[in-house]
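Enquirer: Residue numbers (my numbering): -9 to 224. Cβ atoms here follow ideal geometry from the backbone N, Cα and C, with glycine treated the same way. This is the structure, below, for whatever I ask next.
Shown next as structure tokens:
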């Protein structure tokens, strides 16, 4: 019934709050039964289950795999389904499988800023700093620096700094952290700590810049409401 599945789709999209992800998943379960050839329904159900898993119900990562597989069968070009499958595999202890699906997501749509950091992060986990750097360089070249992508580009440059740190390249580490600065914004108050710490560990240390930035971090974060979140840095 085409009318029924359109109504179900409309109802599912009305569930926007995190406490409603279970309702969205349930509604889309019915929608996939009514219209099993609609890849978007499988994608949205998989997405809702991943959101439930991120909210604390870790079993939902396993449950999301089947609708995401169906999504890829129905529309092999829907990049988000590969990305979400990568996330599911990463959180169910299949890191290599996660690398494969994150890579496929990027191959299908290299314009998505949020596709890059998880893949680069996994490469760093495997001590593959060159591969991580290649992913990030591609991302910073292809992703548009618009408002929605600024946090993702910031994360890319911080990961690039971590890759440089891994191979002991202090100059490249500093260059990456400095590039991250213009993308930090208000959402990353820890940036002054990251850059200050980098200046402090240079050879020779850039003490004046380090002290200024670390003092800024202490005043802005450690004496405010964010102190608990950044307890280790404080």
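Applying the 10 Å Cβ sphere with the 16-neighbour rule, what's the burial state of residue 145?
Expert: For this step, residue 145 is matched to residue 155 along the chain shown. Flag for residue 145 reads buried.
Enquirer: Counting Cβ pairs closer than 8 Å, one from the region 184 to 198 and one from the region 162 to 176, do we hit at least three?
Expert: Output reads yes: the region 162 to 176 touches the region 184 to 198.
Enquirer: With residue 100 as the anchor, note down where its alpha helix (DSSP H) starts and where it stops.
Expert: Looking up residue 100 in the chain shown gives position 110. Run containing residue 100: none; DSSP gives neither H nor E here.
Enquirer: Can you tell me where the alpha helix (DSSP H) with residue 128 in it begins and where it stops?
Expert: The residue labelled residue 128 in the question sits at position 138 within the chain shown. Start and end: 119 to 132.
Enquirer: Pick out the complete alpha helix (DSSP H) segments inside the region 133 to 187, 4 residues or longer, and give them in chain order.
Expert: For the region 133 to 187, whole alpha helix (DSSP H) runs of length 4 or above, ordered along the chain, are 140 to 156 and 160 to 174.
Enquirer: Classify residue 216 as helix, strand or coil using the three-state DSSP reduction.
Expert: Counting from one through the chain shown, the residue named residue 216 turns up at place 226. Three-state DSSP puts residue 216 in a helix.
Enquirer: Between which two residues does the alpha helix (DSSP H) holding residue 209 run?
Expert: Residue 209 sits at position 219 when you count from the first residue of the chain shown. Residue 209 -> no alpha helix (DSSP H), and no H or E assigned at all.
Enquirer: Taking the alpha-carbon positions, what's the residue 183 to residue 213 distance?
Expert: Along the chain shown, read from residue 1 onward, the residue named residue 183 stands at position 193. Along the chain shown, read from residue 1 onward, the residue named residue 213 stands at position 223. Roughly 14 Å separates the two Cα atoms.
Enquirer: Using CA atoms only, rank isn't needed, just tell me which of 151, 43, 180 and 27 is closest to residue 204.
Expert: As a working mapping, residue 204 is identified with position 214 in the chain shown. Among 151, 43, 180 and 27, the Cα nearest to that of residue 204 is on 180.
Enquirer: In angstroms with no decimal places, state the Cα-to-Cα distance between residue 31 and residue 56.
Expert: Sequence index remark: in the chain shown, residue 31 carries index 41 (1-based). Sequence index remark: in the chain shown, residue 56 carries index 66 (1-based). If I take the Cα positions, the gap works out to 12 Å.
Enquirer: Starting from residue 30, trace the alpha helix (DSSP H) both ways and give me its first and last residue.
Expert: Against the chain shown, residue 30 aligns to sequence position 40. First-last of the alpha helix (DSSP H) with residue 30: 29 to 44.
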